[in-house]
Amino acid sequence: MANRRAAAANRIRGPQSALTDFLASHNISAQQIHQDYQRRVEEAERQAQAAAQGADNDKENEDEYEDAEDDPVERQKRKRKEEKALLKIKQSKEFKRRKHEQGSDYEQDADELARSMLAKSKPLPGQLDNCEICEKRFTVTPYSGTGPDGGLLCTKCTKELKDEEKKEAKARKKKTAAPRGRRRQTESDRMMGNVKPGAKSLVEICVRRVANVVHDIDEFGDMPQNLLDRLSQILSKQRVVTPRVFELFLRQDVDRINVYDCGKLEKEDFQKMFAYMPNLKIVNLRFAGQMKDDVVLYMADKCKKIRHLQLGATNLVSDSVWVQLFRSLGPQLESLKLSELNDSMGDDTVKELVKNCQTLRRLKLRSCSHMSPDSLEALCNLSKLEHLTLAVAQDAPADTLVKLVSSLGPNLRTLCLEDFIELDDTVLDAIKNHCHKLSKLRIRGSSLCSDAAFAGLFDNNSPFPPLVYADFAENRDIDNMNPEGPQDNPIGFGSLALTALMNHSGSRLKSLDLKSCRHISHMALLGAFDGLKKYPAITDMDLSFVTQVDEVVLVGIFKSCPALAKLVVFACFNARRAVIPTGIAVIGLPNAQDNIVREGDVQMEL
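The structure is reproduced here in structure tokens:
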């Protein structure tokens, strides 16, 4: 009987012993479980009591941390974690921003601000939170957005907020920043001096629109000649004059053709032009490298009415063909402009030009490599010339130039002599003595003419009326051992010449080019452009590499030249911070566009 009772007791204690062994093998103590349970119950009671009393969440957390455990090791661990979290918050940008915004009016110190931010820190991914906007419960993810007040947003509200931000950014960018193409066109217009405030004219907008879609156009229709010329300028600048585009300009009802970049045209395109337009009177073809002998002869045979001829870079035309052209069309030519001829146009050809083109009124020869001083002497027989531009035979002696000026000077209205290394004071004296009708004078690249001789052209005994166009660029002494030049007799266009020129021609002068005239003093610039003297016609001025130009000089220029539209000042480093009035294209100053102000925004004083 006793054995049966013992066996029954063992059967009852068997499961309990097995459970006890299992818990012991996993380091689980029933006493520990009971203690944890009691602690959770106490914590729940404290939280309920705190909520009933209306304590905030921060106070609850602090009470929990203080009363949760009596174990000093656990309290120390929590304290270190809290200090680490506070230190991380203090190093964050958000903490620094809030501290800066609150400033001295904020009563709490940095620790209290960090503790408040820690208490209000965002839930971690995977936790639950309420959306700041729609107040719906959602699971926090790494991609949850931040609301206006710093709270988290649900997926739907995050997407809507991002869409609104994109729309606002797009509208703001459209309002403030010009597209790249438009900005590039604006800079191009500045280089051309076109900076008039406001919208462009309707005609200009239409012409540019046509230029942008020229490859989709079948014909220009009845477009006026002046618009065709403007369109040709734009297309040539963009270098898109292909044979297909060139055909759009071929019209039998016009008497002129102007193409400023023929680099993509072939021989057949030129022949087609002369065959389709036999009534041409004005022919202007630049960079026409594919014009050959047979094309020029074909032009002379088909186009009998040509009066004005300008060809550039036609290096495949031989001297014999030039002679035939002068003999065929020379007697009727009124204007002839040839440039960049490296393999033809020798002295004998020039003599044939003079012999057969006696009716010429305008002659321009540039970069014709085979012309010598003999060619200049031959040109002295063109007695009807009114406009002469020469940039050839740069080694011609001064007496040859004096003879040329003396022979042609009485009828000349414009005279341009460029880069003649032997040009000296005797040539300037010849200009003063024989050229009494000049309205345009260009003397470039002289290192022998003196400042006094230039000033003598515009003294009280000056024979010609006030100039409209004056170009004296690069006239300076080039002795590198003495960059300031001789002091007793200054070389180049200097202070005396500037003063005399502005006193003589300032009332009518429209364009002034003094690039690289480095011997003009700061005092002379201030005297000429003092803000009181007025030059009402000047629209274009180039003072590049005139090192004495500074901010004060520019202010005087802006005041003295009310019609100024374009000012070029490369390498004028002392004028970088000049204030630029609106409507003036200042080229050469870094960040010049940032210094443009409208009238009344800044008071400019000398």
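Residue numbers (the working numbering): 12 to 617.
Glycine is no exception: its CB is placed at the ideal position from the N, C-alpha and C atoms.
All values reported here derive from a predicted model rather than from experimental measurement.
Nearest neighbour of residue i, chosen from the options [CA to CA]
{"i": "glutamine 282", "options": "Asp272, Tyr271 and Ala299", "result": "Ala299"}
{"i": "proline 384", "options": "Leu423, Ile432 and Leu396", "result": "Ile432"}
{"i": "phenylalanine 149", "options": "Thr437, Thr157, Thr166 and Pro159", "result": "Thr166"}
{"i": "lysine 313", "options": "Cys572, Thr325 and Met284", "result": "Met284"}
{"i": "leucine 468", "options": "Ser458, Phe581, Glu279 and Leu449", "result": "Leu449"}
{"i": "alanine 121", "options": "Leu412, Gln498 and Leu97", "result": "Leu97"}
{"i": "leucine 320", "options": "Leu291, Ser331 and Val328", "result": "Leu291"}
{"i": "arginine 519", "options": "Asn472, Leu537, Ile549 and Asp410", "result": "Ile549"}
{"i": "aspartate 280", "options": "Asp482, Val306 and Ile598", "result": "Val306"}
{"i": "serine 532", "options": "Gly496, Ser516 and Gly517", "result": "Gly496"}
{"i": "alanine 389", "options": "Glu363, His381, Thr400 and Ser247", "result": "Glu363"}
{"i": "alanine 286", "options": "Cys273, Glu258 and Arg297", "result": "Glu258"}
{"i": "glutamine 528", "options": "Ala125, Lys348, Ile489 and Arg86", "result": "In the sequence as presented, glutamine is not what sits at residue 528; that position holds cysteine. Of the listed residues, the one whose Cα sits closest to cysteine 528 is Ile489."}
{"i": "leucine 401", "options": "Asp436, Asp174, Lys170 and Gly456", "result": "Gly456"}
{"i": "arginine 318", "options": "Pro592, Ser473, Thr325 and Asp266", "result": "Asp266"}
{"i": "aspartate 470", "options": "Arg453, Met234, Lys443 and Leu434", "result": "Lys443"}
{"i": "valine 270", "options": "Glu215, Met288 and Arg297", "result": "Arg297"}
{"i": "isoleucine 293", "options": "Lys315, Tyr309, Leu308 and Arg424", "result": "Lys315"}
{"i": "lysine 275", "options": "Gln263, Pro477, Asn295 and Arg250", "result": "Arg250"}
Residue burial classification, residue i (beta-carbon count within 10 angstroms, cutoff 16)
{"i": "tyrosine 480", "result": "buried"}
{"i": "proline 601", "result": "exposed"}
{"i": "phenylalanine 584", "result": "exposed"}
{"i": "tyrosine 546", "result": "buried"}
{"i": "proline 421", "result": "exposed"}
{"i": "alanine 484", "result": "buried"}
{"i": "arginine 91", "result": "exposed"}
{"i": "glycine 232", "result": "exposed"}
{"i": "methionine 492", "result": "exposed"}
{"i": "serine 516", "result": "buried"}
{"i": "proline 26", "result": "Its pLDDT being 48, under 50, proline 26 is placed unreliably by the model, and nothing is read from it."}
{"i": "lysine 487", "result": "Correcting the residue identity first, residue 487 is arginine in this sequence and not lysine. So arginine 487 ends up on the buried side."}
{"i": "serine 103", "result": "exposed"}
{"i": "glutamate 53", "result": "exposed"}
{"i": "serine 331", "result": "exposed"}
{"i": "arginine 50", "result": "exposed"}
{"i": "aspartate 272", "result": "buried"}
{"i": "leucine 512", "result": "buried"}
Paired residues, beta bridge with residue i - DSSP
{"i": "tyrosine 3", "result": "With the chain running from 12 to 617 in the structure shown, residue 3 is simply not present."}
{"i": "threonine 425", "result": "His398 and Lys451"}
{"i": "arginine 377", "result": "Ser350 and Ala402"}
{"i": "arginine 183", "result": "Partner(s): none; arginine 183 has no beta bridge."}
{"i": "tyrosine 480", "result": "Lys451 and Ser522"}
{"i": "isoleucine 319", "result": "The sequence shown places histidine at residue 319, not isoleucine. The partner list for histidine 319 (beta bridge, DSSP) reads Ile293 and Ser346."}
{"i": "serine 461", "result": "Ile502"}
{"i": "alanine 596", "result": "Lys577"}
{"i": "isoleucine 268", "result": "Val294"}
{"i": "threonine 157", "result": "Leu163"}
{"i": "methionine 552", "result": "Leu523 and Leu578"}
{"i": "leucine 141", "result": "Residue identity check: residue 141 is asparagine in the sequence provided, not leucine. Answer is Arg148."}
{"i": "arginine 487", "result": "Gly503"}
Cut-off 8 Å between Cβ atoms - residues of its own chain near residue i, not counting five sequence neighbours on either side
{"i": "valine 218", "result": "Leu238, Arg241, Leu242 and Ile245"}
{"i": "lysine 395", "result": "Gln369, Thr370, Leu371, Arg372 and Asn422"}
{"i": "glutamate 277", "result": "Pro254 and Gln301"}
{"i": "methionine 382", "result": "Met356, Gly357, Asp358, Val361, Leu376, Val403 and Ala404"}
{"i": "alanine 311", "result": "Gln335, Leu336, Ser339 and Leu340"}
{"i": "cysteine 168", "result": "Cys142, Glu143, Ile144, Cys145, Gly156 and Gly158"}
{"i": "serine 458", "result": "Ile432, Asn486, Arg487, Asp488, Ile489, Ile502 and Gly503"}
Neighbourhood of residue i by C-beta, 6 Å cutoff - its chain only, sequence neighbours within 5 removed
{"i": "arginine 618", "result": "Beyond the ends of the chain as shown, which are 12 and 617, falls residue 618; an answer cannot be given."}
{"i": "serine 417", "result": "Ala441 and His445"}
{"i": "alanine 66", "result": "Summary for alanine 66: the model assigns pLDDT 40, below 50, so the residue's position carries little reliability; its value from the coordinates is reported in the next sentence. Counting only Cβ-Cβ distances below 6 Å, and skipping sequence neighbours, we find nothing."}
{"i": "alanine 79", "result": "Residue placement at alanine 79 is flagged as unreliable, the pLDDT there being 42, under the threshold of 50; a coordinate-derived value is accordingly withheld."}
{"i": "serine 350", "result": "Gly323, Arg377 and Ser378"}
{"i": "valine 579", "result": "Asp553, Ser555, Ile598 and Gly599"}
{"i": "leucine 352", "result": "Cys379"}
{"i": "lysine 179", "result": "First, the residue type needs correcting, since residue 179 is glutamate and not lysine in the sequence shown. Nothing listed; no residue qualifies."}
{"i": "lysine 101", "result": "Ala125"}
{"i": "valine 256", "result": "Val225"}
Beta-carbon proximity list for residue i, same chain, < 7 Å, skipping 5 on both sides
{"i": "leucine 523", "result": "Ala481, Ile549 and Met552"}
{"i": "valine 438", "result": "Ala409, Leu412, Val413 and Val416"}
{"i": "phenylalanine 556", "result": "Lys526, Ser527, Arg529, Phe581 and Ala582"}
{"i": "leucine 172", "result": "Gly156 and Leu164"}
{"i": "aspartate 436", "result": "Cys460, Ser461 and Ala464"}
Residue i beta carbon near the ligand SAH (any heavy atom closer than 7 Å)
{"i": "glutamate 56", "result": "The ligand SAH is not among the ligands present in this structure, which contains no ligands whatsoever."}
query: With contact counted as at least three CB pairs below 8 Å, one residue from each stretch, are the region 533-550 and the region 558-575 in contact?
result: yes
Stretch-stretch touch, CB-based, cutoff 8 Å, three pairs: the region 459-471 with the region 505-522
yes
- Message: Does the contact criterion of 3 or more C-beta pairs under 8 Å hold for the region 580-594 versus the region 549-567?
- Response: yes
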